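The structure under discussion appears below in the form of structure tokens.
Structural data, given as structure tokens:
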């Protein structure tokens, strides 16, 4: 089967750094993605890692270790607007099937 | 360029009634997905179209749910008859091709409430 595990909630203060971990079990793994969803909004794409290592995009970075079936999203210089749910997702199988974890709710406080 | 659009944005129906949700993907996107999110839980995969073909419908809850994608363009998801547990936000997403680093673009979702 396929499964993704991530913490359900994380709390941090403005300006801090937070890391959201994701472990996965899936057949035919191709890559790990991260999506952000604000309450009432649509999930929006943040990043994708196909190879091991760190990908940096502004304040957000994403890491993948294929041998450990593990990745994380790193958010730096947290802002109030970063309060949202963050989902890791994997493409698996032969036809781009995209499946999601349960999501991590990030609350950023002043 | 228009994004993924879903209609309606909200729907409240009584148990036993029928509801049809529509999704218009981004033009040219072969991949179309339906997902459901219930009460802040996971974004649960329902099914995946590649053009007009159902590639994977392993996430469809039961035979009360029927999805179609006419001519490989827009898609509909019909629930008949609706049950209370079908309530949730139904998201549609599309992506351009079979390259695995392709971003999936989501619609704003249809919030379905069955009473």
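Residue numbers (my numbering), protein chains in the order written: chain L, 1 to 110; chain R, 111 to 225.
Quick reminder that beta carbons are idealized off the backbone N, C-alpha and C, glycines included.
Source: prediction; values computed, not measured.
query                                                                                                                : result
Under 8 Å between C-beta atoms of residue 195 of chain R and residue 45 of chain L                                   : no
Member of R:193, R:149, R:181 and R:205 whose CA lies at the smallest distance from the CA of residue 135 of chain R : R:205
Host beta strand (DSSP E) of residue 61 of chain L (start-end)                                                       : 60 to 65
Residue 195 of chain R in three-state terms, based on DSSP                                                           : helix
Below-8 Å beta-carbon distance, residue 7 of chain L vs any chain R residue                                          : no
Proximity of residue 61 of chain L and residue 25 of chain L at Cβ, strictly below 8 Å                               : no
For residue 108 of chain L and residue 112 of chain L, the rounded distance between their alpha carbons              : Residue 112 of chain L lies beyond the residue range present for chain L, which begins at 1 and ends at 110; the question has no answer from this structure.
Residue 75 of chain L, enclosing beta strand (DSSP E) - first and last residue                                       : 70 to 75
Cβ pair residue 160 of chain R, residue 172 of chain R closer than 8 Å                                               : no
Proximity below 8 Å, CB of residue 178 of chain R to CB of residue 185 of chain R                                    : yes
Contact set for residue 191 of chain R: own chain, Cβ-Cβ below 6 Å, skip 5 residues either direction                 : 126
Residue-chain proximity (residue 153 of chain R, chain L), Cβ-Cβ < 8 Å                                               : yes
Closer than 7 Å at the beta carbon, the chain R residues around residue 99 of chain L                                : 155
Contact check, residue 97 of chain R vs residue 132 of chain R, beta carbons under 8 Å                               : Summary: the structure shown does not reach residue 97 of chain R, with chain R confined to residues 111 through 225, and so no result is reported for it.
Option in L:86, L:37 and L:41 with minimal Cα separation from residue 18 of chain L                                  : L:86
Chain R contacts from the segment 53 to 83 of chain L (Cβ-Cβ distance under 8 Å)                                     : none
Contact residues within the segment 163 to 183 of chain R, judged by C-beta distance below 7 Å to chain L            : 165 and 166
Cα-Cα separation between residue 28 of chain L and residue 49 of chain L, rounded to whole angstroms                 : 15 Å
Residue environment, residue 58 of chain L, which counts as buried when at least 16 other CB atoms sit within 10 Å   : exposed
According to DSSP, residues forming a beta bridge with residue 141 of chain R                                        : R:160 and R:205
Test: residue 158 of chain R CB closer than 8 Å to a CB of chain L                                                   : yes
Option nearest residue 51 of chain L by Cα separation, candidates L:36, L:37 and L:32                                : L:32
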